[in-house]
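Listed in order, the protein sequences are those of chains A and B.
Residue 1 is where the first sequence starts when you use the UniProt record's numbering, and the numbers rise one by one after that.
Residue 1 is where the second sequence starts when you use the UniProt record's numbering, and the numbers rise one by one after that.
All C-beta atoms, glycine included, are put in the ideal place defined by N, C-alpha and C.
Source: prediction; values computed, not measured.
What follows is a single structure, written as structure tokens, with notes after it.
Number of protein chains: 2
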Amino acid sequence: MTAIAPDGLLALPEDAQDLLFREARTANTFTSEPVTDEQLRAIYDLVKWAPTAMNAQPLRIVAVRGAAAKERLVPLMAEGNRAKTAAAPVSLIAAADEDFHEHMPVIWHDPDARDNLAASPGRAGMARFNATIQLGYLILGVRAAGLAAGPMAGFDAAAVEKEFLGDGGRRAIAIINVGRPGPGAWFERNRRLEFEQVVTTV
Amino acid sequence: MTAIAPDGLLALPEDAQDLLFREARTANTFTSEPVTDEQLRAIYDLVKWAPTAMNAQPLRIVAVRGAAAKERLVPLMAEGNRAKTAAAPVSLIAAADEDFHEHMPVIWHDPDARDNLAASPGRAGMARFNATIQLGYLILGVRAAGLAAGPMAGFDAAAVEKEFLGDGGRRAIAIINVGRPGPGAWFERNRRLEFEQVVTTV
């Protein structure tokens, strides 16, 4: 484990806590400052290390950046998500790849995993579940790059899959606008549940 | 945004990157050092700030720590998960609360949200999806506390719900062993997919 100064009960330093959790907010407006492929690569090369079941890593990302591609995406968003999706320098379509098992011979140690998963009725659910965990990692990874994330569930998933995800078994699970926050980017922060409402001990 | 020194393309300092992503590993053995309620509270009070749709926060956690409670949990785990679950100082049952909408009047600004969600056939899916994103946050939050996480999907979910989650619409989505890593805690690290295999740009 890395030699990191403990900060009270947490090992993560307070400024890093702020960057990822406390000061970071879901952005609803963005500046025009581009988000580069190098930034996306740095984010991916960080979050890729976080765990998934059987190291399956089913999350796939289509980064929608070009004006023509944005014009194809925006009409597929729920109405309240259109203006911000048009304005964001990049919008990440997060997808669960139901054919993740094809990579198993490289990413997992059991030589039978690919064939076992190919025959498993639970594979699609495993893809969606683990890609959704990775979505949590990805949102924090965007923040780790000093960028604001604006995750959205309001869009026509079937239409997004047809338009952007091809025939390869990829299911759209969320779309995340990414960029620098613009004027009036934040809504008022809503309350969080108390520890006692969420965690019980037995 | 916090004044944090940029580290190349990422704003998160390198030692924090290591703590959360690069050096942290899924633990399969644990020391007997306890994990306290204060530590669990510090983890929750950090990860609670990360976003969910409509601020729904459907994740619920049952922390199984006592010997009697552990004896009820261990037989419900898949065989390969039993020894480590017995050894972990605490095992967190992560659940999706399908009745999260009851909290809406406090956690969301739309006064109609509770009733609209009460009538929505999509509520259970929304609970599972958002609790799973929160599971990603939680795994990183455990690491932020300098602890090792061992997330598991291999258990009898229906039996865990019956034994630990009562009748309130809570669905078990994962169980995470938490503690200090013991001897031989790590398996060999498996390969991650390359950026080009995961991210495409349009």
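Roughly how far, in whole angstroms, is the beta-carbon of residue i from the beta-carbon of residue j, given that I think they are within contact range, below 8 Å?
i: PHE100/A; j: PRO58/A; result: 4 Å
i: PRO13/A; j: ALA16/B; result: 6 Å
i: GLY184/A; j: PHE30/A; result: So it is not a contact: roughly 11 Å between Cβ atoms.
i: ALA113/A; j: ILE173/A; result: Contact flag wrong, Cβ pair sits at about 23 Å.
i: ILE133/B; j: LEU135/A; result: 5 Å
Which first and last residues belong to the alpha helix (DSSP H) in which residue i is found?
i: MET104/A; result: 104-107
i: ASP37/B; result: 37-47
i: PRO126/A; result: Correcting the residue identity first, residue 126/A is Met in this sequence and not Pro. Counting along the chain, the alpha helix (DSSP H) containing MET126/A begins and ends at 123-144.
i: ALA185/B; result: No alpha helix (DSSP H) contains ALA185/B, which DSSP labels as neither H nor E.
i: VAL160/A; result: 157-160
i: LEU73/A; result: 67-73
i: ALA87/A; result: 79-87
i: ALA16/A; result: 14-17
Go through its chain and collect everything with a Cβ distance to residue i's Cβ below 8 Å, but skip five positions before and after it.
i: THR85/A; result: LYS70, LEU73, VAL74, MET77, SER91, MET152, ILE175, ASN177
i: ASN28/B; result: LYS84, GLY150, GLY184, ALA185, TRP186, PHE187
i: ARG189/A; result: ARG25
i: ILE159/B; result: Correcting the residue type first, residue 159/B is Ala in the shown sequence and not Ile. Same-chain partners within the cutoff: LEU76.
i: ALA3/B; result: Residue confidence for ALA3/B is low, a pLDDT of 47 falling below 50, so the modelled location carries little weight and cannot support an answer.
i: PRO111/A; result: PRO105
Leaving out five residues on either side along the sequence, give the residues of the same chain with a beta carbon under 7 Å from the beta carbon of residue i.
i: ALA127/B; result: PRO58, ALA96, ASP97, GLU98, PHE100
i: ASN130/B; result: THR52, ALA53, ALA56, PRO58
i: ALA63/B; result: LEU40, VAL90, LEU92
i: ALA42/B; result: ALA145
i: PRO34/B; result: PRO89
Work out the CA separation of residue j and residue i for me, nearest whole Å.
i: LEU140/B; j: THR26/B; result: 11 Å
i: PHE164/B; j: GLN197/A; result: 16 Å
i: ALA148/A; j: VAL47/B; result: 17 Å
i: ALA119/B; j: ASN116/A; result: 39 Å
i: THR36/A; j: ARG180/A; result: 12 Å
i: GLU102/B; j: ASP167/B; result: 15 Å
i: ILE107/A; j: GLY150/B; result: 19 Å
i: ARG171/B; j: GLY154/B; result: 14 Å
i: HIS109/A; j: ARG192/B; result: 12 Å
i: GLY80/B; j: SER32/B; result: 20 Å
i: GLU23/A; j: ALA87/A; result: 22 Å
i: MET104/A; j: LEU9/A; result: 38 Å
i: PHE21/B; j: VAL142/A; result: 14 Å
i: TYR137/B; j: GLU161/A; result: 26 Å
i: VAL199/B; j: TRP49/A; result: 15 Å
i: GLU38/A; j: VAL202/A; result: 46 Å
i: PHE195/B; j: TYR44/A; result: 7 Å
i: ARG123/B; j: ALA124/A; result: 20 Å
Report all residues from its chain with a CB closer than 6 Å to the CB of residue i; omit the five preceding and five following residues, and keep chain order.
i: ARG65/B; result: VAL90
i: MET1/A; result: Confidence is the limiting factor: at MET1/A the pLDDT is only 43, short of 50, which leaves the residue's position unreliable, though a coordinate-based value still follows. Around MET1/A: no qualifying Cβ.
i: ALA157/A; result: ALA172
i: ARG60/A; result: ALA95, ASP97, ARG170
i: ARG82/A; result: VAL74
What residue range does the beta strand (DSSP E) around residue i cover?
i: ASN177/A; result: 170-179
i: VAL199/A; result: 199-201
i: ASP112/B; result: No beta strand (DSSP E) holds ASP112/B; DSSP gives it neither H nor E.
i: ARG60/B; result: 59-64
i: GLY150/B; result: 148-152
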